[in-house]
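S.K.: Going line by line, the protein sequences match chains A and B.
The numbering of the first sequence is my numbering, which starts it at 133 and goes up by one.
The numbering of the second sequence is my numbering, which starts it at 125 and goes up by one.
Below is a structure I'd like to ask you about.
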Amino acid sequence: MPGTTFCIAASLVEYFLGLGPAMTVMVLGLGIADYMFVPPYGYFTYIDARDVILVVSYPLVTVIVIILIERLRREQFRAQLIALVAQSRYEMLLRHDNERALARRAFDETHRLLRHLAQHHDGFILIKGLERNAAQRASAGQSTAQALPAAAEVAPGPLFDALHPEDVQRLTHALSPGHHRLRLRSEQHKREYRHTNCSCERFTTHAGDFLVLRTES
Amino acid sequence: MATVDMERPAVDPLAAQSARFFSEGDGHAVLMLHGLSSSPLELRYLARYLQGEGFTVCAPVIEGYSAGLGELPMEQWVENAVREFDALAARYERVSICGLSIGGALALRLIRERPAAQSLVLLSLTLAYDGWAIPWYRFLLDWAYFTPLRHRYRYREAEPFGVRNEALRKKIARAMQRSDFSEVGPSTISLPALHQALRLSRAARKDVAAIENDTLVIHAIDDETSSPRNPRHVIDRIGSNFLRTLWLDDSYHMITSDNEREIVARETVLFLRESEAARGAHDSPGQPVVSKALARRLRQLAAVGRKNT
């Protein structure tokens with residue numbers, strides 16, 4: 133059957149190139165098959181049973197195959213688009229998830245700060261609020277080694293007045309988390325300053341970042 | 125299905141309401157370009173959201189391009205848009221460009237004129253009218269421009285008006301019957317405007333690879349006006365390092381008014397802020413990545429990006 137080869141050709145073209153080219157190949161194939169592969173060769177005008185069989189069966193089979201492949205191709209295209217939607221949604225979900233994790237971290241830190249304040253309320257020297265944006269930049273991990281940015285405000289604690297004026301100057305300008313050795317006025321001798329071990333902790337709360345300096349006891 | 129309307133309606137008073145939208149915010153200004161022969165009204169939700177997030181928002185009315193302001197060749201549209209951009213760039217540190225539909229094509233042309241822009245947001249980008257609701261014989265309209273029909277026929281918008289939300293669609297249908305205008309655009313578009321839009325999108329297709337600004341592309345897969353081939357054309361060719369693509373499946377063409385407008389607004393804001401952070405802006409750092417899943421995904425994407433380049 134001469135139409136088979138052209139039917140296969142049209143199906144392959146449909147699979148790789150789409151409907152328009154496949155239809156073109158089918159129509160051209162019909163002409164070529166009739167002209168070159170159906171005896172008597174080289175005539176269009178001579179029509180007999182073999183021509184009729186070709187003209188009926190070849191387009192019928194080919195069109196059915198092409199339409200089925202076209203439907204599958206459309207479904208495939210649709211599925212690819214839906215996969216893209218799923219991917220976009222997954223990425224959105226991850227970004228949301230990140231926000232939730234951040235909020236949760238801030239929430240936990242707020243609790244830790246509150247517990248810390250309740251536990252060490254006697255030994256406070258000062259609480260310093262960091263500028264929110266600068267603090268976020270520092271917490272993003274790029275600049276942890278650098279000095280912390282300038283303070284937005286400093287709230288004095290119960291022991292703030294006992295601090296040596298030079299230390300006050302130094303701390304308001306540059307305070308970093310960790311251990312410090314500061315001069316505090318001793319309670320017995322009002323004029324005397326004594327070196328005391330202090331520790332400073334950092335809290336990343338939802339209301340901003342805070343550095344809390346207290347004596348170690 | 126779209127039909128062609130013989131009458132030439134009068135300029136609508138509602139169009140006057142849809143005037144220029146401007147709101148002062150921080151140093152990041154967003155220039156919002158609406159669709160063809162439409163008005164800043166269709167960007168209202170997104171503009172208000174951006175305003176609420178602290179951006180400076182400017183949705184200008186562009187002479188010759190917006191509804192009811194005469195017809196000018198597309199070179200004039202681009203020139204007017206560039207002027208609006210320069211006015212913002214003179215006052216604000218960063219200016220981003222956001223375009224909806226044909227406004228996206230205008231944004232692509234504009235960003236080639238002004239490559240210093242912060243970022244580019246393409247919503248339902250339209251480079252060709254080839255969505256599923258566009259009839260196959262639509263190309264005749266492009267030819268009709270060259271016939272005496274040019275000033276008589278107007279292309280009439282029809283269901284579903286680019287909106288999937290049925291309640292909103294009914295509302296728009298009523299508004300369009302009553303007058304010439306609705307919140308998702310005009311009810312009719314003139315042939316010269318369509319012809320200029322065709323020229324604009326041809327110009328916008330060229331040299332997409334030269335664009336290196338951060339880019340966000342949002343497109344609905346069921347868009348009835350512009351098929352997903354339009355954004356694909358840009359995604360496959362654009363030269364930017366930071367490209368984010370979002371595909372929606374519960375909207376049609378007017379993604380700023382449809383079911384997923386909240387997602388569009390939210391993701392646009394997130395993208396603009398991330399773009400700021402990526403460019404090392406000092407006063408607005410990005411959010412740190414805490415989620416391990418997100419970090420993994422970002423690494424994956426970065427690996428894909430390296431392979432492609």
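No residue lacks a Cβ here, since even glycine has one placed at the ideal position from N, Cα and C.
What you are looking at is a predicted structure, and each value in this text was computed from that prediction instead of being measured.
Per DSSP, D338 of chain B forms a beta bridge with which residues?
M.R.: To locate residue 338 of chain B, count along the second sequence from 1; it is residue 214. According to DSSP, D338 of chain B bridges with B:S243.
S.K.: Is it right to say M158 of chain A is buried, meaning 16 or more other beta carbons lie within 10 angstroms of its own, or is it exposed?
M.R.: In the first sequence, the residue the question calls residue 158 of chain A occupies position 26. Buried, since its Cβ has 16 or more Cβ neighbours within 10 Å.
S.K.: Chain B beta carbons: is any one of them nearer than 9 Å to that of R222 of chain A?
M.R.: For this step, residue 222 of chain A is matched to residue 90 along the first sequence. Reading off the sequence shown, one finds Tyr at residue 222 of chain A, where the question assumed Arg. Output row for Y222 of chain A: interface = yes.
S.K.: Just list the residues that DSSP pairs N329 of chain A with in beta bridges.
M.R.: As a working mapping, residue 329 of chain A is identified with position 197 in the first sequence. Its beta-bridge partners are A:R313.
S.K.: Applying the 10 Å Cβ sphere with the 16-neighbour rule, what's the burial state of G223 of chain B?
M.R.: For the purposes of this step, residue 223 of chain B is identified with residue 99 of the second sequence, where counting begins at 1. Buried, because 16 or more other Cβ atoms sit within 10 Å of the Cβ of G223 of chain B.
S.K.: For I164 of chain A, go through chain B and note every residue whose CB falls closer than 7 Å to its CB, in chain order.
M.R.: Position 32 of the first sequence, counted from the first residue, corresponds to residue 164 of chain A. Neighbours of I164 of chain A on chain B: none; closest Cβ ~29 Å, over 7 Å.
S.K.: D180 of chain A: buried (16+ other C-beta within 10 angstroms of its C-beta) or exposed?
M.R.: Mapped onto the first sequence, residue 180 of chain A falls at position 48. Per the 10 Å Cβ criterion, exposed.
S.K.: Please state whether the Cβ-Cβ distance between L212 of chain B and T180 of chain B is less than 9 Å.
M.R.: In the second sequence, residue 212 of chain B corresponds to position 88, counting from 1. In the second sequence, residue 180 of chain B corresponds to position 56, counting from 1. Result yes, Cβ atoms of L212 of chain B and T180 of chain B sit closer than 9 Å.
S.K.: Determine whether the beta carbon atoms of R247 of chain A and S415 of chain B lie at a separation below 9 Å.
M.R.: Looking up residue 247 of chain A in the first sequence gives position 115. Looking up residue 415 of chain B in the second sequence gives position 291. The answer is no: Cβ separation not under 9 Å.
S.K.: Check D435 of chain B in the structure and name its three-state DSSP category.
M.R.: The first residue shown for chain B is 125 and the last is 433, placing residue 435 of chain B beyond what the model contains.
S.K.: Hey, L247 of chain B and D338 of chain B: beta-carbon distance below 9 Å or not?
M.R.: If you number the second sequence from 1, residue 247 of chain B lands on position 123. If you number the second sequence from 1, residue 338 of chain B lands on position 214. Cβ distance not < 9 Å, so L247 of chain B and D338 of chain B don't count as in contact.
S.K.: Any Cβ of chain A within less than 9 Å of the Cβ of I387 of chain B?
M.R.: Here residue 387 of chain B refers to the residue found at position 263 of the second sequence. Chain A, which has a Cβ nearer than 9 Å to the Cβ of I387 of chain B, makes this yes.
S.K.: Quick one: list the residues of chain A neighbouring R421 of chain B, beta-carbon separation under 9 Å, in chain order.
M.R.: Position 297 of the second sequence, counting from 1, holds the residue named residue 421 of chain B. Here the neighbours are Y222, E223, L226.
S.K.: State the Cα-Cα distance for the pair R323 of chain A and G178 of chain B, rounded to the nearest angstrom.
M.R.: One-based indexing of the first sequence puts residue 323 of chain A at position 191. One-based indexing of the second sequence puts residue 178 of chain B at position 54. So the alpha carbons of these two residues sit roughly 53 Å apart.
S.K.: Give the interface partners of A233 of chain A over in chain B, defined as CB-CB distance under 8 Å, in chain order.
M.R.: For the purposes of this step, residue 233 of chain A is taken as residue 101 along the first sequence, with counting starting at 1. The answer, in chain order, is V414, S415.
S.K.: Answer with yes or no whether the minimum CB distance from Q219 of chain A to chain B is below 9 Å.
M.R.: To locate residue 219 of chain A, count along the first sequence from 1; it is residue 87. So, interface residue.
S.K.: Grouping DSSP H, G and I as helix and E and B as strand, with all else coil, what is L157 of chain B?
M.R.: For the purposes of this step, residue 157 of chain B is taken as the residue at position 33 of the second sequence. In the structure shown, L157 of chain B sits in a strand (DSSP, three-state: E or B).
S.K.: Under DSSP, the beta strand (DSSP E) around G223 of chain B begins and ends at which residues?
M.R.: Counted from its first residue, the second sequence places residue 223 of chain B at position 99. Note, G223 of chain B: beta strand (DSSP E), 218-224.
S.K.: To the nearest angstrom, how far is it from the Cα of L394 of chain B to the Cα of L367 of chain B?
M.R.: Looking up residue 394 of chain B in the second sequence gives position 270. Looking up residue 367 of chain B in the second sequence gives position 243. Those two C-alpha atoms are separated by around 13 Å.
S.K.: At least one CB of chain A closer than 9 Å to the CB of T369 of chain B: is that the case?
M.R.: Your numbering for residue 369 of chain B matches position 245 in the second sequence. T369 of chain B counts as touching chain A.
S.K.: Using a Cβ cut-off of 9 Å, pull out every chain B residue sitting near I214 of chain A, in sequence order please.
M.R.: As a first step, residue 214 of chain A must be located in the first sequence, where it is residue number 82. The answer, in chain order, is I345, W371, D373.
S.K.: Let me check one thing: in DSSP terms, what residues is W371 of chain B bridge-paired to?
M.R.: Along the second sequence, one-based indexing puts residue 371 of chain B at 247. Per DSSP, B:H343.
S.K.: With 9 Å as the threshold, decide whether the Cβ of Q391 of chain B is near any Cβ in chain A.
M.R.: The count along the second sequence starts at 1 and reaches residue 391 of chain B at position 267. The amino acid occupying residue 391 of chain B in the given sequence is Glu; Gln does not appear at that position. Yes, E391 of chain B counts as interfacial toward chain A.
S.K.: Rounded C-beta distance between A465 of chain B and T349 of chain B? I'm assuming under 8 Å.
M.R.: Here chain B has residues from 125 to 433 only, and residue 465 of chain B is not among them.
S.K.: According to DSSP, simplified to helix, strand and coil, what is Y261 of chain B?
M.R.: Here residue 261 of chain B is taken as the residue at index 137 of the second sequence, counted from 1. Three-state result, Y261 of chain B: helix.
S.K.: Apart from the five residues on each side of it in sequence, which residues of its chain come closer than 6 Å, Cβ to Cβ, to F145 of chain B?
M.R.: Taking the second sequence and counting its residues from 1, the one referred to as residue 145 of chain B is at position 21. Closer than 6 Å at Cβ, skipping near neighbours: P164, A171, A183.
S.K.: Use the C-beta contact count for T194 of chain A: other C-beta atoms within 10 angstroms, 16 or more gives buried, fewer gives exposed.
M.R.: Taking the first residue of the first sequence as position 1, residue 194 of chain A is located at position 62. By the neighbour-count rule (16 or more Cβ atoms within 10 Å), T194 of chain A is buried.
S.K.: Out of A:A141, A:L316, A:S189, A:E285, state which residue places its alpha-carbon closest to the alpha-carbon of H327 of chain A.
M.R.: Residue 327 of chain A sits at position 195 when you count from the first residue of the first sequence. Nearest of A:A141, A:L316, A:S189, A:E285 to H327 of chain A, Cα basis: A:L316.
S.K.: From S193 of chain B to E237 of chain B, what does the alpha carbon distance come to, in whole angstroms?
M.R.: The sequence position of residue 193 of chain B within the second sequence is 69, counting from 1. The sequence position of residue 237 of chain B within the second sequence is 113, counting from 1. Going by the sequence as given, residue 193 of chain B is Leu instead of Ser. Approximately 24 Å, taken between the alpha carbons.
S.K.: With C-beta atoms as the reference, is I345 of chain B less than 9 Å away from L213 of chain A?
M.R.: Residue 345 of chain B sits at position 221 when you count from the first residue of the second sequence. Residue 213 of chain A sits at position 81 when you count from the first residue of the first sequence. Contact: yes.
S.K.: Give the C-beta separation of L234 of chain B and F209 of chain B to the nearest angstrom, bearing in mind that I take them to be a contact with Cβ-Cβ under 8 Å.
M.R.: Residue mapping note: residue 234 of chain B aligns to position 110 of the second sequence, counting from 1. Residue mapping note: residue 209 of chain B aligns to position 85 of the second sequence, counting from 1. So it is a contact: roughly 6 Å between Cβ atoms.
S.K.: Take every Cβ of the segment 294-313 of chain B, pair it with every Cβ of the segment 153-169 of chain B, and state whether three or more of those distances are shorter than 8 Å.
M.R.: Yes, the segment 294-313 of chain B is in contact with the segment 153-169 of chain B.
S.K.: In terms of residue numbering, what span does the alpha helix (DSSP H) encompassing I185 of chain A cover?
M.R.: In the first sequence, residue 185 of chain A corresponds to position 53, counting from 1. Taken as a continuous stretch (DSSP letters only), the alpha helix (DSSP H) holding I185 of chain A covers 181-251.
S.K.: Report the option in B:I296, B:L318, B:R298 whose CA atom is closest to the CA atom of H275 of chain B.
M.R.: Within the second sequence, residue 275 of chain B is the residue found at index 151, counting from 1. The shortest Cα separation from H275 of chain B among B:I296, B:L318, B:R298 belongs to B:L318.
S.K.: Cβ atoms of D229 of chain A and A389 of chain B: under 9 Å apart, would you say?
M.R.: Residue 389 of chain B sits at position 265 when you count from the first residue of the second sequence. Residue 229 of chain A sits at position 97 when you count from the first residue of the first sequence. No. Outside cutoff.
S.K.: Is the Cβ-Cβ distance between I198 of chain A and A154 of chain A less than 9 Å?
M.R.: If you number the first sequence from 1, residue 198 of chain A lands on position 66. If you number the first sequence from 1, residue 154 of chain A lands on position 22. In this structure, A154 of chain A lies closer than 9 Å to I198 of chain A by Cβ.
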